[in-house]
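From first to last, the protein sequence lines stand for chains Z and Y. If you want the working numbering, it's the 1-based position in the first sequence plus 664. If you want the working numbering, it's the 1-based position in the second sequence plus 664. Take a look at the structure below.
Number of protein chains: 2
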Amino acid sequence: MFKKSFLKNIAKKEKVSLSFLEKQLRNNKAVIPLNNQKEIKNPVVIGDGFKVKINTNIGVSSEKPNVSEEMKKLKEAIRCGSDAVMDLSIGAKPSILRKQIIKQSIIPLGTVPIYEAAVNAEKKNGSFEQMSFDCIWETLKKQAQEGVDFFTIHSGILKNSLEYLKNNKRTGGIVSRGGAILARWMLVNKQENPLYLNFDKILNLAKKYNISISLGDALRPGAISDSTDNLQISELQVLGELVKKCWRKGVQVMVEGPGHIPLNEIETNIKLEKKICHGAPFYVLGPLPTDVAAGYDHISSAIGGTIAAYYGANFLCVVTPAEHLRHPDINDIREGVIASKIAAHSVDLLRFKDEWEKNRKISDYRAQRKWQKTFPLTLDQKKAKSYHQKIKPSDDICTMCGKFCSLKIIDKCDLLK
Amino acid sequence: MFKKSFLKNIAKKEKVSLSFLEKQLRNNKAVIPLNNQKEIKNPVVIGDGFKVKINTNIGVSSEKPNVSEEMKKLKEAIRCGSDAVMDLSIGAKPSILRKQIIKQSIIPLGTVPIYEAAVNAEKKNGSFEQMSFDCIWETLKKQAQEGVDFFTIHSGILKNSLEYLKNNKRTGGIVSRGGAILARWMLVNKQENPLYLNFDKILNLAKKYNISISLGDALRPGAISDSTDNLQISELQVLGELVKKCWRKGVQVMVEGPGHIPLNEIETNIKLEKKICHGAPFYVLGPLPTDVAAGYDHISSAIGGTIAAYYGANFLCVVTPAEHLRHPDINDIREGVIASKIAAHSVDLLRFKDEWEKNRKISDYRAQRKWQKTFPLTLDQKKAKSYHQKIKPSDDICTMCGKFCSLKIIDKCDLLK
């Protein structure tokens, strides 16, 4: 599937052996999302035994159709260390943005093709409820040919899930945009999920272009009180079956996960996915351990994401401070990406010598008050530099403690030499 | 020690029975820091079985001597839900700020009296190394009489700790300001820690004014690579002995803890403190699970603080984005307090019905897109309101998904009624 020289580079970046990388790919414990129609500068491997990766969502909408603004967000996300980007454009014409991303981005690109299909159906037939599978299929084909690296496919939400939902109240209902579109479509058309019925056909396309499938969690909890409920678990079981289908076709696959989970259920959720989905890489949105932090959900998400990654989640989706409130701006993107990087790095430093060393090095420079050497090692040196306030330009202490700087006092004691 | 009517109010706020509160106080599992020279509007109980509390540090320094700026920070911290404040003034004249806080604050106040003692010694004798115990004692007495509610006392750092530090390299050395001052003093004067030698005398004063002792961790790790090392553990053992001394005198006591701890050692650190310090309430600074996030250490701290509180830490010290870089401004204070509140609430919602219900309620309103009802339930309604962008003033969807709002689509499906 991939050339040896290509894999060698990835293994080198991950600080693992080529044979380990090959083994993990062979055993479906990891994926490298990369459409075979193109090359990118920074391909990544996502899965067990590799560094935790993070994804940033961008995208235009009918209310925010500014493509260049989204491209700026992409650049900021890459500067701050995002490993992948998803274009979640909906409402507006998404193809212009997507083509620009494919042309310019150095990191893998994912999409949720049902969004564009819904918009196209609306244009053609007046509403997304009138969307045919043909319309979905044309979108999938177009995006595959253009060079999208991974598709979120919501094949796990089924007619019987909706029956269940009718009879079992949930606080948040369905918060997945793709899930909501499909639920509405199924109810209006009284038909089964077309992404489930046509899954084999979709896999043939994915195989042809080496597109990785990211199995969407349409029924993820959108409120703490819905966490780990029967709906969520039933969908996970469907996804577990679909994972096997992917593997039988030789298609790379990962599984998407919640969402909103209380602290005491995060470990269980990770273990459950690894068990029910046969060890497929796990891509989590959050999880948020509380619902009260609107405006600061990047922090809630960093908390949940850290714990999730610690227990085995492989891929973290960035949540920005704008989550639940508005379309994010470029500052929201930066705050969100850094929060997720903190989560990823906190886990990686336990597992990878180079990450541990990087972390130790910054503490070493900090103890010596070599400020200029610490900045390039921080996650966002632009902010760290702009924050740093020295007493005098010539001095090596900051305004926090002034001359009562503990580090400087200890320096005088000759305790550390 | 406390009147029944006073305790009844605290129990009511905590949603526990009066008898449970009394039992926890009797068994030294909890403290209520409150100087008997005064009353405050919002006293709090800190300890096992109660909601997780958070403390915010403010304070002037020779570089930032603006008292009114610090008072603004105090107000912002209280608005955002801080349960206590510590005045860590050093370098400048701290008594003006302290008196204002005592006069105006509705929450308990803590100090680190060695800071003022060091400044006074410097003024009087030219350097803090010339500080006599008399000078420390005068400071303690003055602050006690003024109405400080809890004192951080660094009695656990001993001469032999410094010997050990000389022979066993540490990345971060001593990062505690109080610890550094005392270490330097001990080395220059070739004497044992005066706060250790005179601990009984200090306890008599604490007893007289019902001041809670917060045993400082002068030897806490200031770098991940120093975490849970012999120095830290030896100091904890000394603190364990001092905890018993406090109890024998009838003085309320809590123990301060790290600092910088990797994720896989946080649980151990909490359990160790609870064991070695005989179940005394645990007050943690962070912990930060990574050292690379300068400019975003409120997020690292929220991650570590959540995990710490989950395993039993009772009191979280706010870390701001300015940590390691500069004296924080009012925005830093707000960001830091909210981050800590997220940590505390994420744990509290697992333990307290009212916190769970508050959390469920916001999700309920969110699912119904009753925006105005969600805001008062968020941690910072000012930010949530300012972030929220509706498509049209009359509409109930936001700019994130526009008309493809999953919640609105699901509403049309009649699945949740």
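The C-beta atom is built at its ideal place from N, Cα and C for all residues, glycine as well.
| chain Y contacts made by the segment 1054 to 1069 of chain Z, where a contact means CB separation under 9 Å | Correct list: 1054, 1055, 1062, 1063, 1064, 1065, 1066, 1067, 1068 and 1069.
| CA-CA distance, residue 650 of chain Z and residue 743 of chain Z? | For chain Z, the structure presents residues 665 to 1081; residue 650 of chain Z sits outside this window and is missing.
| Curious, which full-length beta strand (DSSP E) runs of at least 3 residues does the segment 715 to 803 of chain Z contain? | As far as the segment 715 to 803 of chain Z is concerned, its whole beta strand (DSSP E) runs of at least 3 residues are 717 to 722, 748 to 751 and 773 to 775.
| Residues in the segment 941 to 955 of chain Y having any Cβ partner in chain Z nearer than 7 Å | The segment 941 to 955 of chain Y vs chain Z, Cβ under 7 Å: 953, 954 and 955.
| query | Measuring CB to CB, does residue 725 of chain Z end up less than 8 Å from residue 969 of chain Y? | reply | Between residue 725 of chain Z and residue 969 of chain Y, the CB-CB gap reaches or exceeds 8 Å.
| query | By how many angstroms is the C-alpha of residue 982 of chain Y removed from the C-alpha of residue 965 of chain Y? | reply | When rounded, the distance between both Cα atoms is 8 Å.
| request: Select from Y/692, Y/677 and Y/672 the residue whose C-alpha is nearest the C-alpha of residue 683 of chain Y. | output: Residue 683 of chain Y has its Cα closest to that of Y/672, out of Y/692, Y/677 and Y/672.
| task | Kindly identify the DSSP beta-bridge partner or partners of residue 694 of chain Y. | result | Per DSSP, Y/711.
| task | Mind checking who residue 1050 of chain Y pairs with in its DSSP beta bridge? | result | None, per the DSSP bridge assignment.
| query | Can you tell me where the alpha helix (DSSP H) with residue 1019 of chain Y in it begins and where it stops? | reply | According to the DSSP assignment, residue 1019 of chain Y belongs to the alpha helix (DSSP H) that extends over 1017 to 1031.
| task | Could you work out which residues of chain Y lie near residue 858 of chain Z, taking near to mean beta carbons separated by less than 7 Å? | result | The contacting residues do not exist; residue 858 of chain Z stays about 17 Å from chain Y at best.
| field | Distance between residue 1078 of chain Z and residue 845 of chain Y (C-alpha atoms, nearest Å) | value | Distance from the CA atom of residue 845 of chain Y to the CA atom of residue 1078 of chain Z, rounded to whole angstroms, is 14 Å.
| Does the beta carbon of residue 975 of chain Z sit closer than 8 Å to a beta carbon anywhere in chain A? | Note that chain A does not occur in the displayed structure, where the protein chains are Z and Y.
| CB contact check: residue 712 of chain Y to chain Z, cutoff 8 Å | No, its Cβ sits nowhere closer than 8 Å to a Cβ of chain Z.
| task | Quick one: which residues of the segment 711 to 743 of chain Y get their C-beta closer than 8 Å to a C-beta of chain Z? List them in chain order. | result | Under the 8 Å Cβ criterion, the segment 711 to 743 of chain Y contributes 725, 726, 727 and 728.
| residue 768 of chain Z versus residue 894 of chain Z - alpha carbon distance | Whole-angstrom Cα-Cα distance: 42 Å.
| message | If distances are taken between C-alpha atoms only, which option among Y/831, Y/850 and Y/816 comes closest to residue 878 of chain Y? | response | The candidate whose alpha carbon is nearest that of residue 878 of chain Y is Y/816.
| Who are the neighbours of residue 1023 of chain Y on chain Z, taking C-beta pairs under 7 Å? | Within 7 Å of the CB of residue 1023 of chain Y, the CB atoms of chain Z belong to 888, 954, 955 and 956, in sequence order along the chain.
| task | May I have the straight-line CA-CA distance separating residue 924 of chain Y from residue 698 of chain Y, to the nearest angstrom? | result | Approximately 29 Å between the Cα atoms of the pair.
| Amino acids of chain Y, ordered along the chain, whose beta-carbon sits closer than 8 Å to that of residue 848 of chain Z | Simply 1073, 1074, 1076 and 1077.
| task | Check each residue of the segment 766 to 787 of chain Y: if its Cβ is closer than 8 Å to any Cβ of chain Z, include it; give the result in chain order. | result | Within the segment 766 to 787 of chain Y, the qualifying residues are 779 and 782.
| task | If I'm right that residue 747 of chain Z touches residue 771 of chain Z with Cβ under 8 Å, what's the distance once you round it to whole angstroms? | result | In this structure residue 747 of chain Z is in contact with residue 771 of chain Z, their Cβ atoms being roughly 6 Å apart against a cut-off of 8 Å.
| said: Give me, in chain order, the residues of the same chain whose beta-carbon lies closer than 7 Å to that of residue 829 of chain Z; leave out the 5 immediate sequence neighbours on both sides. | reply: Contacts found: 895.
| Which chain Y residues sit within Cβ distance under 9 Å of residue 928 of chain Z? | Simply 974 and 1014.
| If we count the other Cβ atoms within 10 Å of its Cβ and call it buried at 16 or more, is residue 901 of chain Y buried or exposed? | Classified as exposed, residue 901 of chain Y has fewer than 16 neighbouring CB atoms from the shown chains inside 10 Å of its CB.
| field | Distance, residue 947 of chain Z Cα to residue 718 of chain Z Cα | value | Computed Cα separation, rounded: 9 Å.
| message | Let me see if you follow: with CB-CB separation under 8 Å, is residue 761 of chain Z close to chain Y or not? | response | Not closer than 8 Å to any Cβ of chain Y, the Cβ of residue 761 of chain Z fails to qualify, so no.
| task | Can you check DSSP and say which residues form a bridge with residue 979 of chain Z? | result | Partner(s): Z/717 and Z/947.
| query | Nearest CA to the CA of residue 785 of chain Z: which residue from Z/1018, Z/909, Z/1053 and Z/800? | reply | That would be Z/800, whose Cα lies nearest to the Cα of residue 785 of chain Z.
| message | I need the straight-line Cα distance from residue 745 of chain Y to residue 1061 of chain Y, nearest angstrom please. | response | The straight-line gap from Cα to Cα measures roughly 29 Å.
| message | On the CB-based measure, 16 or more other CB atoms within 10 Å of its CB, does residue 850 of chain Y come out buried or exposed? | response | Buried: at least 16 other Cβ atoms inside 10 Å.
| Using a C-beta cutoff of 8 Å, does residue 1011 of chain Y count as contacting chain Z? | Yes, residue 1011 of chain Y counts as interfacial toward chain Z.
| query | Who are the near neighbours of residue 750 of chain Z in its chain, counting only those whose CB is closer than 7 Å to its CB and skipping five residues on each side? | reply | Excluding five sequence positions before and after residue 750 of chain Z, the CB atoms of its chain that fall closer than 7 Å to its own CB belong to 719, 721, 774 and 775, given in chain order.
| request: Using a Cβ cut-off of 8 Å, pull out every chain Z residue sitting near residue 1044 of chain Y, in sequence order please. | output: 959 and 960, listed in chain order.
| request: Rounded to whole angstroms, what's the CA-CA distance from residue 874 of chain Y to residue 990 of chain Z? Just pull it up for me. | output: Annotation: residue 874 of chain Y to residue 990 of chain Z spans about 49 Å, alpha carbon to alpha carbon.
| request: Determine the contact status of residue 975 of chain Z and residue 930 of chain Z, defining contact as a CB-CB distance below 8 Å. | output: Yes, the pair counts as a contact, with Cβ atoms nearer than the cut-off.
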